[in-house]
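Read through the structure below, which is laid out as structure tokens, and then see the notes.
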Amino acid sequence: MRTTFTHGGLRGGVWQGILHADKAPGRLLLVQNGVTAGVATVTPAGNDSFHVSVPLPADRLSDGVHTFILIADDGQGDDAQGDGQGGDGPMPGAERLGVLPIVAGYVLEEDLRAQLELLRAEVDLLKRELRRLAQR
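Note that my numbering has the sequence shown beginning at 41, numbered continuously upward.
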């Protein structure tokens, strides 16, 4: 069975949804610009599905477009800082499950700018992973 994420909405600053998978991943991360912004809480929901909940950090929001990506990986990650953020990014081989673009403050005149921000975030994540693999 392929892992899929069904967006359940953003309420009270918490992004929620349902993860359909045979088993829960090692961890689910909320990533912004290639850096971990939070760690999701995963609870069983029955029938090979799990409820996912991850708060958006208020300090990451400001005027403009922000793109958060939900990433699953199989490791425990590096939490050397002990801040519960799961290290500075996902492990190699991580799977992108969902994307949450947010427009805050001044409303953009064109949706194209929002899409450009999404592409930049994904390219930043890809560059980070390629650099990590090249250092091995």
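Positions of the beta carbon are idealized from the N, C-alpha and C atoms, including for glycine.
Look at Asp164 here: in three-state DSSP terms it is helix. The beta-carbon distance between Ile109 and Ala161, rounded to whole angstroms, is 7 angstroms. This is short enough to meet the 8 angstroms contact definition.
Close CB contacts of Ser102 within its chain, under the 6 angstroms cut and outside five residues either way in sequence, are absent. Judged by DSSP secondary structure, Gly104 falls within the beta strand (DSSP E) whose first and last residues are 104 to 113.
With fewer than 16 other beta carbons inside 10 angstroms of its own, Thr83 counts as exposed.
If you compare the alpha carbons of Lys167, Val139, Arg176 with that of Leu50, the shortest gap goes to Val139. Of the candidates Phe45, Thr44, Val94, Leu165, Leu165 places its Cα closest to the Cα of Met131.
Rounded to whole angstroms, the Cβ separation of Ala61 and Thr81 is 15 angstroms, and the two are not in contact under 8 angstroms. The beta carbon of Leu59 sits closer than 6 angstroms to the beta carbons of Phe45, Phe90, Val92 from its chain, once the five residues preceding and following it are set aside; these are given in chain order.
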